[in-house]
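Residue numbers (my numbering): 363 to 729. For glycine and all other residues, C-beta sits at the position ideal for the given N, C-alpha and C. Input: a single structure, listed below in structure tokens.
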Amino acid sequence: MAEIFQPVAPRPSPVRTEGLVPWVRRNLFGDFRDATVTIVMIALALWWLPGFIDWAVARAVFVPDADRCQNARGLGACWGVVAEKYRLIIFGRYPLDQQWRPEVATVALVALLVGSCTRRFWRPWLAVLWVAVFALFFGLMHGGFAGLSVVTTDRWGGLPLTIMLASLAIVLAFPLSVLVALGRRSHMPAIRTLCIVYVELIRGVPLISVLFMASFMFPLFMPPGTSIDVLLRVLVGITLFTAAYMAEIVRGGLQAIPKGQHEAAASIGLTYWQTQRKIVLPQALAMVVPGIMNSFISIFKDTSLVTIVSLYELTGAMGLALNSDANWRPFKIEAYIFIAAIYFLFCFSMSRYSLWVEKHVSKSKSR
């Protein structure tokens, strides 16, 4: 008689491989060097943290009282400067009685960004949603309809300006960088030369000079009486600068694709753009996810440079808030810690999202 196969039930591992204790053992005490570094870092933290907690919490002043902060100066932190100036730091020079407009616009934009990072929102209507949210953002910020007063772009600032510049620069720079990367590998000399000149020219100068040219030099070449908004010029400058750097990251991914992939696509009759869209680009972009996300994080932080053209984003708004008030000017450290926490929250979120994307990409490679 034929025997019926009965699989043996899996036995539990003799050693736990999941949970906090295995993670600590594997990552912090994996070998002698890891254990030594971990012990040294724990000792430094135990030596430094009590003093920091005493300064930041125990002896800190949390109420917006300049006199109490002066009395505690050198002994405890003055978080009262944040309680007093947070509206000016977050919203810049936007009119105080109209600050609900940038608040609603920023919440809508952040919700769009979070939703765009979620798989369930990856639908064709997402592009329409982007257009609608940005129309709402600029409509609320500028006004001029439905009884809203007009607020010119030179009064925009703070966190709304930072998030808007970073998100728009990312959206506009990414497709441009892909086209430039493909152009640098093109067999057409004119296109290849144009892309090489663009990349090398932009990468040869710092971003601050690009912003300076876009803000002060570019209007000199315009016809008399013609003026382009400084916010638009700055956005174009940041986008072109970012696209040049990102194009080299994408080109590195394109060069890593084996030649056999192109030959296999040609053998089944795919056109150039079909090959790039269905075979080459998905693999190339998956290889350079960390580099692309690093560029996105750099864009978010580099928006602080727009202060040189009198656009007071988060960092510039903080300086504007404190420099204009002598009572709170000595407490810049606490204000810097406050905006540093905001930058860290956004940058750390982008970094974790990058790890999530890499994890899903690695699943497709392991099949």
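Quick one: give me the first and last residue of the alpha helix (DSSP H) that residue i is part of.
{"i": "L544", "result": "520–546"}
{"i": "A473", "result": "462–478"}
{"i": "G454", "result": "Unbroken run through G454: none, as it is neither H nor E."}
{"i": "T398", "result": "394–415"}
{"i": "M550", "result": "Taken as a continuous stretch (DSSP letters only), M550 belongs to no alpha helix (DSSP H), as it is neither H nor E."}
{"i": "W484", "result": "Looking at the DSSP string, W484 is not in any alpha helix (DSSP H), and its letter there is neither H nor E."}
{"i": "Q638", "result": "Careful: Q638 lies outside any alpha helix (DSSP H) and carries neither H nor E."}
{"i": "S686", "result": "Looking at the DSSP string, S686 is not in any alpha helix (DSSP H), and its letter there is neither H nor E."}
{"i": "V651", "result": "651–664"}
{"i": "C431", "result": "428–433"}
{"i": "V668", "result": "Here V668 belongs to no alpha helix (DSSP H), and DSSP marks it neither H nor E."}
{"i": "A606", "result": "592–617"}
{"i": "I570", "result": "569–574"}
{"i": "G622", "result": "621–629"}
{"i": "R373", "result": "First-last for R373: undefined, no H or E at that position."}
{"i": "P384", "result": "382–389"}
What does the alpha-carbon distance come out to for the pair residue i and residue j?
{"i": "Q744", "j": "I704", "result": "With the chain represented from 363 up to 729, any question about residue 744 goes unanswered, as that position is not in the structure."}
{"i": "Y596", "j": "S577", "result": "According to the sequence displayed, residue 596 carries Val and not Tyr. Rounded to whole angstroms, V596 to S577 spans 7 Å at the Cα level."}
{"i": "N656", "j": "W518", "result": "27 Å"}
{"i": "L437", "j": "V444", "result": "18 Å"}
{"i": "P412", "j": "V513", "result": "47 Å"}
{"i": "E465", "j": "W409", "result": "41 Å"}
{"i": "I404", "j": "L390", "result": "11 Å"}
{"i": "F706", "j": "P372", "result": "44 Å"}
{"i": "D396", "j": "L406", "result": "15 Å"}
{"i": "P426", "j": "M680", "result": "16 Å"}
{"i": "A618", "j": "T588", "result": "46 Å"}
{"i": "G622", "j": "I590", "result": "48 Å"}
{"i": "E380", "j": "E720", "result": "21 Å"}
{"i": "P581", "j": "Q460", "result": "31 Å"}
{"i": "L458", "j": "L450", "result": "9 Å"}
{"i": "H504", "j": "I695", "result": "33 Å"}
{"i": "P537", "j": "T398", "result": "46 Å"}
{"i": "S539", "j": "T665", "result": "19 Å"}
{"i": "N689", "j": "A420", "result": "23 Å"}
{"i": "A626", "j": "A552", "result": "28 Å"}
{"i": "V572", "j": "L594", "result": "13 Å"}
{"i": "R482", "j": "R691", "result": "47 Å"}
{"i": "R613", "j": "S629", "result": "24 Å"}
{"i": "A439", "j": "Y448", "result": "16 Å"}
{"i": "F367", "j": "P620", "result": "44 Å"}
Any idea what DSSP makes of residue i, helix, strand or coil?
{"i": "E675", "result": "strand"}
{"i": "V423", "result": "strand"}
Considering only C-alpha positions, which residue in the set the options is nearest to residue i?
{"i": "L676", "options": "Y698, F583, L632", "result": "Y698"}
{"i": "G442", "options": "L450, I452, A428, I451", "result": "A428"}
{"i": "I701", "options": "L569, I452, V383, A397", "result": "I452"}
{"i": "G520", "options": "F662, P369, W690, M712", "result": "F662"}
{"i": "G615", "options": "G381, R435, P652", "result": "P652"}
{"i": "E610", "options": "I564, Y634, D687", "result": "I564"}
{"i": "V723", "options": "Y715, V668, A648", "result": "A648"}
{"i": "W718", "options": "S571, T515, T480", "result": "T480"}
{"i": "Y715", "options": "V383, G477, I401, V423", "result": "G477"}
{"i": "G711", "options": "L475, Y607, V567, V592", "result": "At residue 711 the sequence reads Ser, which differs from the Gly that was named. Answer by Cα proximity: L475."}
{"i": "M526", "options": "L502, A508, L544, R547", "result": "L502"}
{"i": "V668", "options": "P384, A439, T524", "result": "T524"}
{"i": "G599", "options": "R613, P585, M575", "result": "M575"}
{"i": "F499", "options": "K447, S511, P522", "result": "P522"}
{"i": "G545", "options": "G454, W635, V572, P620", "result": "W635"}
{"i": "L608", "options": "R463, A646, I630, I654", "result": "Residue 608 is actually Met in this sequence, not Leu. Here the closest residue by C-alpha is I654."}
{"i": "E446", "options": "S713, C709, F693", "result": "F693"}
{"i": "A646", "options": "R463, Y456, H624, C709", "result": "H624"}
{"i": "L643", "options": "L541, A683, I401, P568", "result": "L541"}
{"i": "D516", "options": "R463, A683, Y456", "result": "Y456"}
Of all the CB atoms in chain D, is at least one closer than 9 Å to the CB of residue i?
{"i": "R691", "result": "This model lacks chain D altogether; it includes just one protein chain."}
> Three or more beta-carbon pairs under 8 Å between the stretch 483–503 and the stretch 622–639, yes or no?
Replying inline: no
>> For the pair the stretch 555–566 and the stretch 490–497, tell me if three or more CB-CB distances fall below 8 Å.
In response: no
> With contact counted as at least three CB pairs below 8 Å, one residue from each stretch, are the stretch 658–676 and the stretch 413–426 in contact?
Replying inline: no
> For the 8 Å Cβ check, are there 3 or more pairs between the stretch 598–610 and the stretch 529–543?
Replying inline: These segments touch.
> Using 8 Å as the Cβ pair cut-off and three pairs as the minimum, do the stretch 493–510 and the stretch 467–474 touch?
Replying inline: In short, these stretches touch, since the Cβ pair count reaches three.
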